[in-house]
Structure formats: C-alpha cells, structure tokens
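Data block below; observations after.
Number of protein chains: 2
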Amino acid sequence: MLYFDKATLQSLEKIKRLNIVNSITGIKPANLVGTISPDNKTNLAIFSSVIHLGSNPALLGMVVRPAGEVARHTYENIKATGRYTINHVHHRFIQQAHYTSAKFERDESEFAACGFTEIYLADWPAPYVAESTVRMGMQLVEEISIERNGTVLLIGEVAQLYLPPEALNEQGYLDLATAGSAGISGLNTYYTLQKTGSFSYARPGILPQPEEE
Amino acid sequence: MLYFDKATLQSLEKIKRLNIVNSITGIKPANLVGTISPDNKTNLAIFSSVIHLGSNPALLGMVVRPAGEVARHTYENIKATGRYTINHVHHRFIQQAHYTSAKFERDESEFAACGFTEIYLADWPAPYVAESTVRMGMQLVEEISIERNGTVLLIGEVAQLYLPPEALNEQGYLDLATAGSAGISGLNTYYTLQKTGSFSYARPGILPQPEEE
Numbered sequence: 006m007l008y009f010d011k012a013t014l015q016s017l018e019k020i021k022r023l024n025i026v027n028s029i030t031g032i033k034p035a036n037l038v039g040t041i042s043p044d045n046k047t048n049l050a051i052f053s054s055v056i057h058l059g060s061n062p063a064l065l066g067m068v069v070r071p072a073g074e075v076a077r078h079t080y081e082n083i084k085a086t087g088r089y090t091i092n093h094v095h096h097r098f099i100q101q102a103h104y105t106s107a108k109f110e111r112d113e114s115e116f117a118a119c120g121f122t123e124i125y126l127a128d129w130p131a132p133y134v135a136e137s138t139v140r141m142g143m144q145l146v147e148e149i150s151i152e153r154n155g156t157v158l159l160i161g162e163v164a165q166l167y168l169p170p171e172a173l174n175e176q177g178y179l180d181l182a183t184a185g186s187a188g189i190s191g192l193n194t195y196y197t198l199q200k201t202g203s204f205s206y207a208r209p210g211i212l213p214q215p216e217e218e
Numbered sequence: 006m007l008y009f010d011k012a013t014l015q016s017l018e019k020i021k022r023l024n025i026v027n028s029i030t031g032i033k034p035a036n037l038v039g040t041i042s043p044d045n046k047t048n049l050a051i052f053s054s055v056i057h058l059g060s061n062p063a064l065l066g067m068v069v070r071p072a073g074e075v076a077r078h079t080y081e082n083i084k085a086t087g088r089y090t091i092n093h094v095h096h097r098f099i100q101q102a103h104y105t106s107a108k109f110e111r112d113e114s115e116f117a118a119c120g121f122t123e124i125y126l127a128d129w130p131a132p133y134v135a136e137s138t139v140r141m142g143m144q145l146v147e148e149i150s151i152e153r154n155g156t157v158l159l160i161g162e163v164a165q166l167y168l169p170p171e172a173l174n175e176q177g178y179l180d181l182a183t184a185g186s187a188g189i190s191g192l193n194t195y196y197t198l199q200k201t202g203s204f205s206y207a208r209p210g211i212l213p214q215p216e217e218e
C-alpha cells in the first residue's frame, strides 16, 4: 500500500494532490445543473457534489465554490431565482457534459455550446436537459457556508421529479444501470455502473440475503 | 417519463418515497466508517454520504443523523474521540458491508459480527478495515447542524491515506475499477464501476478529448 501522512499529502505537487483528494471519497454522481439568470441567460454546469440529505421533505445538497470561475454563474442564478434543475448525466453524453466545465462567457449558454437541448416543463422557470433520463426541479431552501474553505452547501427541495418508467420498480428503487446514469471519479474520469446486488433490510443475527426484484 | 410533483411525491407510501428519494441523486460511494469509543468498543457502519469538500486542506464531509439508531454509535464515538476512519467497500464484500447497517447492540462490534478485521495503523486510534484497499484516517474539524431535518454534516481532514499502488497513476488519478470500489444506489443496491473515459481539462471552443493514461 502507498502511505501518505498529512505532511506528505500537503507537500505533493498541487495538481497531483488535487487529483488524489478528489478521488478518495469513491464514486461520485454525475449531474448537470441547469439555471437561468433574471435577464434570461441560461447556464449548464457539471457537478459531482450532489448529495441526499433527507426524504421527508425530499432534500438534496450540493457543494459549490462561489468564488470559483466555473460554478459562479450557477451560484448567482440560483441565488437570484431560487430555482434550478438537476439532470443525470447519461453515459452516452459524458464528453459533452464534461465540456460544460470549460469557462464559457456568461453570454454563451453551455446548452447550445455543448450540444444540449434546454426544455421548460410544467411551468418550472429553470431549464431542464432534454437528453437526460432523470431530472429534478429544485427549489432553494437554505444556504450553509462552510467557512473553513470558502465553499457553500446549497440545500434544495425536490419540487418536480421526472423518472424513466423502465428504470423504476414497484418498491421505488431506481435502477441506475437501466437509467444509464454515469459516475465520476476525481475531476475528469467517468464510469458506467453495473448492478451487482440488492440486499434485504439488515437485522442482527442474519447476513442480509440478495433480494429478487 | 413518470412525473411526480411535490404533492404526489409527498403522498407516496413512506418506504416507496424513501427508496425513490434515496436513489435520485445518482450513484453514491460505499464507505465503511470505523470508530472506537472511550471505553474501547469498536464500531463499523456503512455510509453512502461521504463527499469531497476541498483539497487544500484535504477536507471530506459526511452526513449523519445523530438521532438515527444505526449511525448514533458512529456519531457518539467521533464526537468523543475526534477520530475516525473511512474505508472503501470493495465489491467482493458488499454483503458483509451491508450487514453493518443492522442495529447491533453497542457492546457487539460490527467488525467481528460482519466478518471484518480491525487493524490499527501508524498510531491512529480509530480502527481501519484490513480488507479495504483504500483507507483514510480522519480528524474531525467541524460539525455543521442542518436544522431543517435534524442531520449533521461532519467535516474531517485527511490525516492518513492508504492507496493501492496499482490503482494510482502518475497524475494522481485513482482508478476506482482497479481499486474494486463499489457504488450504492438508494439504501441497499450495490454497483460495480467500469471506466469509460477520461477527458482533458475543458476549454471553450474545443470539445474535451479522451486522455491517454
């Protein structure tokens, strides 16, 4: 095993440390966040930091760096409008999705520049990605500053949800392999997902058994 | 597409809503968190909420529900000792890892009950999982309450890091497929990962190209 203590990690060349620390949490979800500014400029940006916070109400978090050049437009639009969309990255369009991480000017929409179709559904003001098979309309409910490193946890409630019927079973499990959803490691490596096992609710005294679907 | 608005989602049967909302963020990393109490009882619990917060310093977050029966021992031990370990779940032991989610008594260690070997490395007080190929020794630096739903974001700094040499390349990319790291969807479905593409740093005007490794 390779071993790094805090000092060794800190002494690594900056890009190498960035790559390592961005990889060690394990697989991250690949999502495109769609927003629109008050003067109707749309923005689309890839995020690997979307996280489940609770189911009742349905709350999701997302870590952004407001001072970062790429996420700034997303952050400003969410703050200004209180609305955004989260759209799964399908493994068919990882290259275009990754392209949204380029520093486009505010006047140039990543939807058009990167080859995505913006659609507006059920009166939701923020643009959805037509090409995504899993999409959520999100309402900002709270912003929590993480002062230690200048990041912000944006908390949103799921107000609209679009799911592909073939990927959802009776119990409410979403099959991410059927949905084609991609994963990310680090800053620029993409993974497809293959389902290997679903287990029963675990109780002490008996190893959880594989579940039939 | 299936469509759920906020009211429809809220009106679903509780377990079904729980399964859906736990699935919609996309793939989540599968990690085992190892802790020890001041009276030397070890605990091991599976978490799908570990998240990257920053690389300088190397900060990771983790969402816990202190009032939840399963995560409570983990939370109490981290609060009492300030130390914990994060260990990737390898796809070879997903069944045993899932078993740690059972409500074991405080006196019964999930290490022994679920078939894992606890090891202590480089004087770190919290137990590591010997079977994991990626492991981190974490120092608690901050606790942020998310009052809206009673959860807590624990922020820790990476103090020790163990990586499998065959999975790390010169640039610092960790290959999660080579490391055997598993992903989770929802509460109980596990996925293996297959690398499909690594792209160059994205710049406006040119679609990012696949990178050689």
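Protein chains in written order, with the working numbering: chain W, 6 to 218; chain A, 6 to 218.
Backbone N, C-alpha and C define an ideal beta-carbon position, used for all residues, glycine too.
Neighbour flag for residue i against chain A, beta carbons, 9 Å
i	result
Phe9(W)	yes
Phe109(W)	yes
Pro34(W)	yes
Asp180(W)	yes
Ile99(W)	yes
Ser114(W)	no
Thr30(W)	yes
Gly87(W)	no
Thr156(W)	yes
Asn45(W)	no
Ser16(W)	no
Glu216(W)	yes
His96(W)	yes
Ala118(W)	yes
Chain W within 9 Å of residue i, Cβ atoms only
i	result
Tyr206(A)	yes
Thr90(A)	no
Val55(A)	yes
Glu162(A)	yes
Glu74(A)	no
Thr40(A)	no
Val68(A)	yes
Lys84(A)	no
Thr105(A)	yes
His93(A)	yes
Arg22(A)	yes
Pro71(A)	no
Asn193(A)	yes
Between the CA atoms of residue j and residue i - distance to the nearest angstrom
i	j	result
Ile99(A)	Lys84(A)	27 Å
Ala184(W)	Tyr196(A)	13 Å
Ala172(W)	Ala76(A)	30 Å
Phe116(A)	Ile25(A)	30 Å
Gly191(A)	Leu23(W)	29 Å
Ser60(A)	Thr105(A)	29 Å
Leu159(W)	Val134(A)	33 Å
His57(W)	Asn27(A)	6 Å
Thr79(A)	Val38(A)	8 Å
Ile124(A)	Ser42(A)	15 Å
Thr156(A)	Gly210(A)	43 Å
Arg88(W)	Tyr178(A)	34 Å
Ile189(W)	Gln214(W)	29 Å
Arg111(W)	Asn82(A)	47 Å
Thr40(W)	Asp44(A)	51 Å
Pro169(W)	Pro170(A)	39 Å
Leu49(A)	Leu7(A)	38 Å
Ile29(A)	Ser54(A)	14 Å
Glu136(W)	Asn154(W)	34 Å
Residue i: CB within 8 Å of a non-hydrogen atom of the ligand COA
i	result
Met143(A)	For the structure depicted, the ligand COA is absent and the ligand set is empty, with no information on it obtainable.
Neighbourhood of residue i by C-beta distance below 7 Å, restricted to the same chain and skipping five residues each side
i	result
Glu216(A)	Ser203, Phe204 and Ser205
Lys2(A)	Here chain A has residues from 6 to 218 only, and residue 2(A) is not among them.
Ala187(A)	Ala35, Val94, His95, His96, Ile99, Tyr195, Tyr196 and Thr197
His103(W)	Ile51 and Asn193
Ala63(A)	Glu162 and Val163
Other residues of its chain near residue i: CB distance less than 8 Å, five sequence neighbours each side excluded
i	result
Gln101(W)	Cys119, Gly120 and Phe121
Glu152(W)	none
Thr86(A)	Thr40, Ile41, Ser42, Pro43, Pro130 and Ala131
Sequence-distant residues of the same chain with beta carbon closer than 6 Å to residue i, five excluded per side
i	result
Ser114(A)	Thr47
Asp149(A)	The question names Asp, but residue 149(A) is Ile in the sequence shown. Result list for Ile149(A): Leu158, in chain order.
Gly66(A)	Ile56, Leu58, Leu158 and Ile160
Lys200(W)	Ala182
Ala207(A)	Pro213
Phe5(A)	For chain A, the structure presents residues 6 to 218; residue 5(A) sits outside this window and is missing.
Under 8 Å: do the stretch 159-176 of chain W and the stretch 121-136 of chain W share three or more Cβ pairs, one atom per stretch?
Yes: the two stretches touch, three or more of their Cβ pairs being nearer than 8 Å.
Cβ contact check for the stretch 10-20 of chain W and the stretch 65-77 of chain W: 3 or more pairs under 8 Å:
By the C-beta criterion, the stretch 10-20 of chain W is judged not to be in contact with the stretch 65-77 of chain W, since fewer than 3 inter-stretch pairs fall below 8 Å.
Are the stretch 137-147 of chain A and the stretch 88-95 of chain A in contact at 8 Å, needing three or more beta carbon pairs?
Result yes; three or more Cβ-Cβ pairs closer than 8 Å.
Between the stretch 32-39 of chain A and the stretch 144-151 of chain W, can you find at least three pairs of beta-carbon atoms closer than 8 Å?
Short answer: they don't touch.
Which runs of the alpha helix (DSSP H) fall wholly inside the stretch 177-218 of chain A and span at least 4 residues, in chain order?
Fully enclosed alpha helix (DSSP H) runs of 4 or longer: 181-184.
Identify every run of the beta strand (DSSP E) within the stretch 87-147 of chain A, keeping only runs that are complete inside it and at least 3 residues long; order them along the chain.
With a minimum length of 3 residues, the continuous beta strand (DSSP E) runs that stay inside the stretch 87-147 of chain A are 88-93.
Contained beta strand (DSSP E) runs [length at least 3] in the stretch 14-102 of chain W, N- to C-terminal order:
Runs found: 36-41, 47-52, 55-60, 63-69 and 88-93.
Residues of the stretch 123-138 of chain W with Cβ closer than 9 Å to any Cβ of chain B, in chain order
The chain inventory of the structure shown lacks chain B, comprising the protein chains W and A.
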